[in-house]
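In full-length UniProt numbering, the protein residues as written are 1 to 597. From the three backbone atoms N, C-alpha and C, an ideal C-beta is built for every residue, glycine too. Structure record follows, encoded as structure tokens.
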Amino acid sequence: MAPLVSERFSILKKYSRQLSSKPGVYCMVNDKETIVYVGKAKNLRKRVGSYFSKTKNNQKSQAILSATHAINVTITRTEREALILENSLIKEHKPRFNILLKDSKSYPFIEVSLRDEFPRFSFYRGKKDRKGAVYFGPYPNVNALRDTLSQLQKIFRLRNCEESFFNHRSRVCLQHQIKRCSGPCVGMIDKKDYAFDVNQGLEYLRGNNRFVIDEFLKKMDQASNNKEYEKAASYRDQVSSLKVIQAHQFADGKIPIDLDAVALSYDLGMFCISVLFVRGGRIMGSKNFFPTKTKLAGEAEVLESFLMQYYLEHDVPNEIIINQKIDHLKTIQEVLSEKTNHSVQIKQQVRMDRKQWIKIASTNSQEALTTIFATRSTIRSQLLSLSELLELEDEIIKIECFDISHTTGDKCVAACIAFNGEGFEKKSYRRFNISGITPSDDYAAIKQTVSRHYKRALKENHFLPDIIMIDGGKGQLSVAREALMELGINEIPVIGIAKGIRRKSGEEKIFLNVQKTPLFLDKHSPARHLLQKIRDEAHRFAITGHRAKKRKTLLTSDLESIEGIGPVKKKNLIRQFGGIQEVKRASVEDLVTINGI
Numbered sequence: 001m002a003p004l005v006s007e008r009f010s011i012l013k014k015y016s017r018q019l020s021s022k023p024g025v026y027c028m029v030n031d032k033e034t035i036v037y038v039g040k041a042k043n044l045r046k047r048v049g050s051y052f053s054k055t056k057n058n059q060k061s062q063a064i065l066s067a068t069h070a071i072n073v074t075i076t077r078t079e080r081e082a083l084i085l086e087n088s089l090i091k092e093h094k095p096r097f098n099i100l101l102k103d104s105k106s107y108p109f110i111e112v113s114l115r116d117e118f119p120r121f122s123f124y125r126g127k128k129d130r131k132g133a134v135y136f137g138p139y140p141n142v143n144a145l146r147d148t149l150s151q152l153q154k155i156f157r158l159r160n161c162e163e164s165f166f167n168h169r170s171r172v173c174l175q176h177q178i179k180r181c182s183g184p185c186v187g188m189i190d191k192k193d194y195a196f197d198v199n200q201g202l203e204y205l206r207g208n209n210r211f212v213i214d215e216f217l218k219k220m221d222q223a224s225n226n227k228e229y230e231k232a233a234s235y236r237d238q239v240s241s242l243k244v245i246q247a248h249q250f251a252d253g254k255i256p257i258d259l260d261a262v263a264l265s266y267d268l269g270m271f272c273i274s275v276l277f278v279r280g281g282r283i284m285g286s287k288n289f290f291p292t293k294t295k296l297a298g299e300a301e302v303l304e305s306f307l308m309q310y311y312l313e314h315d316v317p318n319e320i321i322i323n324q325k326i327d328h329l330k331t332i333q334e335v336l337s338e339k340t341n342h343s344v345q346i347k348q349q350v351r352m353d354r355k356q357w358i359k360i361a362s363t364n365s366q367e368a369l370t371t372i373f374a375t376r377s378t379i380r381s382q383l384l385s386l387s388e389l390l391e392l393e394d395e396i397i398k399i400e401c402f403d404i405s406h407t408t409g410d411k412c413v414a415a416c417i418a419f420n421g422e423g424f425e426k427k428s429y430r431r432f433n434i435s436g437i438t439p440s441d442d443y444a445a446i447k448q449t450v451s452r453h454y455k456r457a458l459k460e461n462h463f464l465p466d467i468i469m470i471d472g473g474k475g476q477l478s479v480a481r482e483a484l485m486e487l488g489i490n491e492i493p494v495i496g497i498a499k500g501i502r503r504k505s506g507e508e509k510i511f512l513n514v515q516k517t518p519l520f521l522d523k524h525s526p527a528r529h530l531l532q533k534i535r536d537e538a539h540r541f542a543i544t545g546h547r548a549k550k551r552k553t554l555l556t557s558d559l560e561s562i563e564g565i566g567p568v569k570k571k572n573l574i575r576q577f578g579g580i581q582e583v584k585r586a587s588v589e590d591l592v593t594i595n596g597i
């Protein structure tokens with residue numbers, strides 16, 4: 001050990017002996033005052049002191065200590081508080097040696113607005129704290145949620161419109177005409193019958209399909225006995241639809257319980273955690289997570305870190321079952337129970353249905369690892385093929401690709417996407433609104449985009465890519481290189497990929513730097529497949545941005561052309577009256593009731 005390192009080690013060791021024996025959080029800080037590790041402790045003196053113990057010092061502890069120049073501690077009242085603070089600091093500082101969970105999305109739910117006279121079933125994302133509402137979910141797959149809402153409309157004919165729209169209807173909308181709504185807005189169904197449909201929808205979401213079918217059959221018989229044959233036929237159709245859905249449902253349990261099955265798998269230096277969402281005894285879907293910075297971590301540490309980071313940000317069920325033993329199970333249970341105001345149980349050993357669910361989650365996590373290894377292997381071979389094509393000496397780490405999208409020069413949007421050894425790097429995606437150029441001038445658009453993107457990259461000291469791709473031919477390639485040279489970027493290879501005369505996939509021409517003659521790669525070439533895939537993703541990202549911009553313009557109403565009507569007043573008018581047509585039909589007396597009018 002070098003003298004300076006030894007001296008620093010001795011100072012830190014002496015400092016650890018002076019720490020409090022109370023619970024708290026400790027932060028290891030490097031010579032640049034950056035936090036490299038955050039840990040929690042039931043006893044700060046013992047926990048921090050263990051880093052200097054020869055018997056307990058492991059590879060991870062040695063790595064942390066070698067980077068540590070100071071230790072900062074925060075004393076807390078309880079171990080639970082320490083656990084919460086630790087998670088908060090990890091999320092804020094993203095320390096080098098802490099396990100990180102990359103997941104910022106909240107999952108959507110189905111919200112049932114029981115507070116309304118005629119409740120609606122709708123897509124909802126956010127905190128479940130609205131009064132007079134019940135929630136079903138979470139749905140890790142948004143398409144599955146939308147399918148469920150569609151089924152609810154088809155079978156139970158429940159409204160899905162906003163209150164502002166509902167309250168200002170004078171006639172039924174298209175949803176009623178296609179038999180997806182019973183028309184409560186204009187009195188086509190009374191409150192009692194609509195309440196029956198709502199209750200049926202709730203039971204359906206709870207998984208009580210048999211009960212729902214029996215209730216419909218009773219109603220069908222009653223209608224038939226009363227010679228209301230059209231009504232009876234309607235109930236018959238609802239029963240038929242439910243039976244079709246029931247026949248396609250699988251993996252349902254015998255017990256109507258809400259839980260998450262959390263399974264961890266490890267292979268070739270990588271962890272995968274799969275969460276299986278079970279609600280009402282039915283599997284709602286699953287989600288796989290790949291924690292980062294786990295090189296020196298054990299399985300229990302990774303799983304504990306996941307449980308805290310994930311469930312402090314997401315919905316927590318009454319029960320969580322796991323496939324690995326963890327050390328701080330009781331403390332984590334207490335923290336999650338306190339957060340949710342209901343008892344949360346974490347179980348390590350389970351039987352029957354629970355055993356099947358954790359087995360499914362384990363299989364999911366193992367297969368996810370197998371898939372990601374296969375994908376990375378394919379990417380490696382494609383990058384190697386591209387490297388050989390360009391005669392590069394260094395490994396290709398990152399590729400950035402640019403594309404332009406517009407409609408005859410209108411609403412021009414440029415896109416930049418990134419690709420690395422693991423696939424598309426979506427956190428680095430960027431869109432640019434193009435202005436100040438002649439409409440339809442793709443060359444000027446490309447030059448402006450490349451210039452803006454790399455000017456900012458240089459200013460903020462971002463790592464530059466190993467290859468820059470342009471969706472276009474010689475002209476686009478030339479102006480892109482011109483923009484780069486103006487910024488002093490001369491060493492990065494620039495590739496242009498242009499469609500052939502017939503604009504068919506597979507007939508692309510590849511332009512390399514200043515070469516005048518394009519390359520036509522073999523259709524089985526891994527490099528060609530990679531370039532096509534990156535080009536297609538850049539095109540997708542650009543065109544979705546262009547369409548969104550175009551849609552926003554189309555939705556701009558006549559209201560905004562009226563002097564004194566800005567975004568806030570427009571929003572208030574539409575919220576109150578339900579739509580542009582309703583605003584046009586409103587009387588002066590109705591209009592002046594709006595704040596600011």
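Same chain, Cβ closer than 7 Å to residue i, neighbours up to 5 away in sequence not counted
{"i": "Ala-527", "result": "Gln-382, Ser-385, Leu-386, Leu-389 and Leu-521"}
{"i": "Pro-95", "result": "Ile-35, Val-36, Tyr-37 and Val-38"}
{"i": "Leu-19", "result": "Leu-44, Arg-45, Val-48 and Val-73"}
{"i": "Val-350", "result": "Ile-321 and Ile-358"}
{"i": "Val-172", "result": "Gly-183, Val-186 and Met-188"}
Pairwise C-alpha distance: residue j and residue i
{"i": "residue 598", "j": "Asn-143", "result": "Here the chain covers residues 1 to 597 and nothing more, so residue 598 does not appear."}
{"i": "Val-29", "j": "Leu-100", "result": "18 Å"}
{"i": "Arg-430", "j": "Glu-7", "result": "47 Å"}
{"i": "Gln-222", "j": "Ile-189", "result": "17 Å"}
{"i": "Tyr-37", "j": "Ile-71", "result": "10 Å"}
{"i": "Pro-3", "j": "Tyr-51", "result": "Since pLDDT at Pro-3 reaches only 49, below the 50 mark, its modelled position is unreliable, and no value is offered."}
{"i": "Asn-225", "j": "Asp-193", "result": "18 Å"}
{"i": "Thr-517", "j": "Gly-545", "result": "33 Å"}
{"i": "Leu-145", "j": "Ala-586", "result": "36 Å"}
{"i": "Lys-219", "j": "Asn-318", "result": "35 Å"}
{"i": "Gln-175", "j": "Gly-183", "result": "8 Å"}
{"i": "Ala-251", "j": "Tyr-107", "result": "At Ala-251, the pLDDT of 45 sits below 50, so the modelled position is not reliable; the number obtained from the coordinates is stated separately. Ala-251 and Tyr-107: Cα-Cα distance of roughly 21 Å."}
{"i": "residue 607", "j": "Leu-531", "result": "No information on residue 607 is available, as it lies outside the stretch 1 to 597 that the chain covers here."}
{"i": "Leu-329", "j": "Leu-264", "result": "16 Å"}
{"i": "Ile-178", "j": "Lys-287", "result": "35 Å"}
{"i": "Lys-355", "j": "Gln-348", "result": "10 Å"}
{"i": "residue 599", "j": "Glu-86", "result": "In the structure displayed, the chain extends from 1 to 597; residue 599 sits before or after that span and is not available."}
{"i": "Lys-569", "j": "Arg-547", "result": "26 Å"}
{"i": "Phe-156", "j": "Glu-117", "result": "17 Å"}
{"i": "Ala-445", "j": "Ile-437", "result": "7 Å"}
{"i": "residue 599", "j": "Thr-375", "result": "It is not possible to answer for residue 599, since the shown part of the chain is limited to 1 through 597."}
{"i": "Asp-353", "j": "Ile-257", "result": "10 Å"}
{"i": "Ile-396", "j": "His-406", "result": "31 Å"}
8 Å Cβ cutoff met for residue i and residue j
{"i": "Asn-323", "j": "Ser-362", "result": "yes"}
{"i": "Ser-16", "j": "Gly-39", "result": "no"}
{"i": "Arg-159", "j": "Ala-133", "result": "no"}
{"i": "Ile-492", "j": "Leu-464", "result": "yes"}
{"i": "Asp-471", "j": "Ile-497", "result": "yes"}
{"i": "Arg-282", "j": "Gly-207", "result": "yes"}
{"i": "Leu-65", "j": "Cys-27", "result": "no"}
Classification of residue i by the beta-carbon crowding that lies within 10 angstroms, buried from 16 upward
{"i": "Val-588", "result": "exposed"}
{"i": "Ile-321", "result": "buried"}
{"i": "Ile-11", "result": "exposed"}
{"i": "His-342", "result": "exposed"}
{"i": "His-248", "result": "Interpretation of His-248 is limited by its pLDDT of 47, a score under 50 that renders its predicted location unreliable; no figure is taken from the coordinates."}
{"i": "Phe-306", "result": "buried"}
{"i": "Asn-513", "result": "exposed"}
{"i": "Asp-403", "result": "buried"}
{"i": "His-440", "result": "First, the amino acid is wrong: residue 440 is Ser here, not His. The residue is exposed, with fewer than 16 neighbouring Cβ atoms inside 10 Å."}
{"i": "Met-1", "result": "Only weak support is given to the placement of Met-1: the predicted model assigns it a pLDDT of 46, under 50, and the value that follows is read from those uncertain coordinates. Classification for Met-1: exposed."}
{"i": "Ser-365", "result": "buried"}
{"i": "Asp-466", "result": "buried"}
{"i": "Lys-227", "result": "exposed"}
Cutoff 6 Å; reference residue i; Cβ partners in own chain excluding five residues on either side
{"i": "Phe-271", "result": "Pro-291, Thr-294 and Val-302"}
{"i": "Ser-61", "result": "Tyr-51"}
{"i": "Lys-231", "result": "Ala-223"}
Cβ shell of residue i (< 8 Å), same chain only, five flanking positions each side left out
{"i": "Lys-549", "result": "Lys-411, Val-413 and Asn-433"}
{"i": "Val-335", "result": "Arg-80, Leu-83, Ile-84, Met-308 and Leu-312"}
{"i": "Pro-140", "result": "Tyr-107, Val-275, Phe-277, Met-284, Gly-285, Ser-286 and Lys-287"}
{"i": "Glu-304", "result": "Ile-326, Asp-327, His-328 and Ile-332"}
Run through the UniProt domain "GIY-YIG" (21-99) for me and flag every whole beta strand (DSSP E) of 3 or more residues, listed as ranges in chain order. 24-29, 35-41 and 70-75
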